[in-house]
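**Q**
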Amino acid sequence: MKKKKLLGAVMASALLVSSLASCSGEVNYTADMAEYAYEDKAPSICEVYKDYFQVGSAINPRDLEEGTDRFNIINKQFNVFTLENDTKPETIHPSEDVYNFDSTDQLVEFGEKYDKTVRGHTLVWHSQCPDWFFYDDEGNQVTADVLVERMKEHITTIVSRYKGKIDTWDVCNEVVDDSYGLRLSNWLKIIGDYDGDGDNYDYIQIAFETAHEADPDARLIINDYSLEVNSNKTITMYNMLKQLLEEGVPIDGVGIQMHIDYETDVERMRDNIQLLAKLREIDPDFVIEVTELDLSCFTSYDNSTEKEITEEFTEQFDAKYCEVLNLLMDLSDEGILDTVVFWGYDDGSSWLNDFPVEGRTNYPLLIDRDLKFKSAYWDLMNLPRQREEEASAQE
Ligand code: 9MR
Numbered sequence: 071m072k073k074k075k076l077l078g079a080v081m082a083s084a085l086l087v088s089s090l091a092s093c094s095g096e097v098n099y100t101a102d103m104a105e106y107a108y109e110d111k112a113p114s115i116c117e118v119y120k121d122y123f124q125v126g127s128a129i130n131p132r133d134l135e136e137g138t139d140r141f142n143i144i145n146k147q148f149n150v151f152t153l154e155n156d157t158k159p160e161t162i163h164p165s166e167d168v169y170n171f172d173s174t175d176q177l178v179e180f181g182e183k184y185d186k187t188v189r190g191h192t193l194v195w196h197s198q199c200p201d202w203f204f205y206d207d208e209g210n211q212v213t214a215d216v217l218v219e220r221m222k223e224h225i226t227t228i229v230s231r232y233k234g235k236i237d238t239w240d241v242c243n244e245v246v247d248d249s250y251g252l253r254l255s256n257w258l259k260i261i262g263d264y265d266g267d268g269d270n271y272d273y274i275q276i277a278f279e280t281a282h283e284a285d286p287d288a289r290l291i292i293n294d295y296s297l298e299v300n301s302n303k304t305i306t307m308y309n310m311l312k313q314l315l316e317e318g319v320p321i322d323g324v325g326i327q328m329h330i331d332y333e334t335d336v337e338r339m340r341d342n343i344q345l346l347a348k349l350r351e352i353d354p355d356f357v358i359e360v361t362e363l364d365l366s367c368f369t370s371y372d373n374s375t376e377k378e379i380t381e382e383f384t385e386q387f388d389a390k391y392c393e394v395l396n397l398l399m400d401l402s403d404e405g406i407l408d409t410v411v412f413w414g415y416d417d418g419s420s421w422l423n424d425f426p427v428e429g430r431t432n433y434p435l436l437i438d439r440d441l442k443f444k445s446a447y448w449d450l451m452n453l454p455r456q457r458e459e460e461a462s463a464q465e
């Protein structure tokens, strides 16, 4: 930034800041301060929330190119990272004898160099999982024994390689069906009730036990979407985890993806999460993680491709982000949650463009397409302090 522009920005911010002074004498951040972002003078979201939880982002290998704006942003803003796609089975283990570790190695090196928490996403999933797992060379479906062996080999090879380096694994992803019971994936269909004890949780149980053997210190998570709003899914997840935890299966927590929108009912989210938190009656150390947070500008019943981002809409959007982060701080205060990961950081790279409606442009994250910090980001930066002030005013 040129000096003159910087001076102008400083003066403008000083004026604004003086009118926004809070009762403690500290000042609120304003969107105008986005001017500082490229100067590495913006605050850091993980720093601002450090008393509550780690704050992270899904990233891609291009974000790890040191010296770029993208690298500087992610390195400063977040302290926990996951690769958006490159640790998934189809990339890391595309055929039985081929492993591609490059991107995951790169993430792990970055984590070691800059002291970041690294998450591995994901070992067992119905999607982005190559067919070779499920079929033999003649194209016939493999037996349960073969699939169990393949799954064990896959998990053991990957988790052992990153033992002590990848802190947390999404061991199983999206195993619960949207309407009832478990998702009828190839994993479930083929492995089924493997031990004959009357339930079909076996592939999940074996996956967690295998990961635990490979790295006993890693945090092992079962990750799913819509748990915060779809109570049927939450109940299925709760019942299954209750049984598995009572049987001693090494599951350390549940990952709530949290792909929500600007109308999502936050009180319903609280109720659903509280149900899952009851699993702490069985294992007091059981955690809830938010693993893929983003906030769509389209509701699920909206099929349009464009959204007019009016001032009024922005206020609604920013307020929803604040409402959600306040809920997450409540959960942290209760000792339930210590990790919040956004599914990306800039609108331009979000999976929510073109999905689920082709041609759609979405704006679900905290940083815009020009890598400028949005007003929602600045609102979130004020939130922990405002919350603490409100709490002390009530004392
Ligand atoms: O963001 C990911 C996108 O780039 C991929 O094309 C997509 C493929 O299924 O997966 C997206 O990430 C998903 C994550 O792995 C699991 N939860 C839902 C995420 C969004 O679809």
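The sequence shown maps to residues 71 to 465 in the numbering used here. We put the beta carbon where it would ideally sit given N, CA and C, even for glycine. Remember, it's a predicted structure, so these values are computed and weren't measured experimentally.
#1: Among LEU436, ALA277, TRP195, VAL178, which has the Cα closest to the Cα of THR187?
#2: Rounded to a whole number of angstroms, what is the C-alpha to C-alpha distance between GLU404 and GLU460?
#3: Fully enclosed by the region 127-165, which alpha helix (DSSP H) runs are 4 residues long or longer?
#4: With DSSP run on the structure shown, which of helix, strand or coil describes GLY234?
#5: Compare the C-alpha of GLU385 against each of THR306, ALA446, GLY318 and name the closest.
#6: Excluding the five sequence neighbours on either side, which residues of its own chain have a C-beta within less than 6 angstroms of the C-beta of PHE278, listed in chain order?
#7: Start and end of the alpha helix (DSSP H) containing ARG253?
#8: Can you tell me the Cβ-Cβ gap for MET307 and LEU346, rounded? I've got them flagged as a contact below 8 angstroms.
#9: To the nearest angstrom, how far is it from the Cα of PHE383 to the Cα of ALA389?
#10: With distances taken between CB atoms, is the gap from VAL246 to ILE292 smaller than 7 angstroms?
#11: Assuming ASP449 contacts TYR391 (C-beta within less than 8 angstroms), just tell me the rounded distance between them.
#12: Check whether the Cβ of GLU359 sits closer than 6 angstroms to any heavy atom of ligand 1, and report yes or no.
#13: So for HIS224, helix, strand or coil by DSSP?
#14: How is TYR205 classed by DSSP in three states: helix, strand or coil?
#15: By Cβ distance below 7 angstroms, which residues in the same chain neighbour MET328 in space, the five residues on each side in sequence not counted?
#16: Would you grab the beta carbon distance between ILE260 and LEU217 for me? Rounded to a whole angstrom, and I think it's under 8 angstroms.
#17: Taking DSSP's pairing of strands, which residues face THR409 in a bridge?
#18: Would you mind working out which of PHE387, SER370, TYR371 sits nearest PRO378, comparing C-alpha positions?
**A** Reading it off the structure:
#1: For the set LEU436, ALA277, TRP195, VAL178, the Cα lying nearest the Cα of THR187 is the one of VAL178.
#2: In this structure, the CA atom of GLU404 is about 18 angstroms from the CA atom of GLU460.
#3: 139-147, 159-162, all fully within the region 127-165.
#4: Note: GLY234 maps to coil in three-state DSSP.
#5: The shortest C-alpha separation from GLU385 is found at ALA446.
#6: The answer, listed in chain order, is VAL241, LEU290, VAL319, PRO320, ILE321.
#7: Run containing ARG253: none; DSSP gives neither H nor E here.
#8: The beta-carbon separation of MET307 and LEU346, rounded to 7 angstroms, stays under the 8 angstroms limit for a contact.
#9: PHE383 and ALA389: Cα-Cα distance of roughly 10 angstroms.
#10: No. Outside cutoff.
#11: About 7 angstroms separates the CB atoms of ASP449 and TYR391; that is less than 8 angstroms, so the two are in contact.
#12: For ligand 1, not one heavy atom lies less than 6 angstroms from the Cβ of GLU359.
#13: DSSP places HIS224 in the helix class (H, G or I) of the three-state scheme.
#14: DSSP, read as helix, strand or coil, puts TYR205 in strand.
#15: Excluding positions up to five away in sequence, the list reads GLU298, VAL360, GLU362, LEU363.
#16: For ILE260 against LEU217, the beta-carbon gap comes to about 5 angstroms, under 8 angstroms, which counts as contact.
#17: GLN124, per the DSSP bridge assignment.
#18: Looking at the sequence shown, residue 378 is not Pro but Glu. Nearest Cα to GLU378 within the set PHE387, SER370, TYR371: PHE387.
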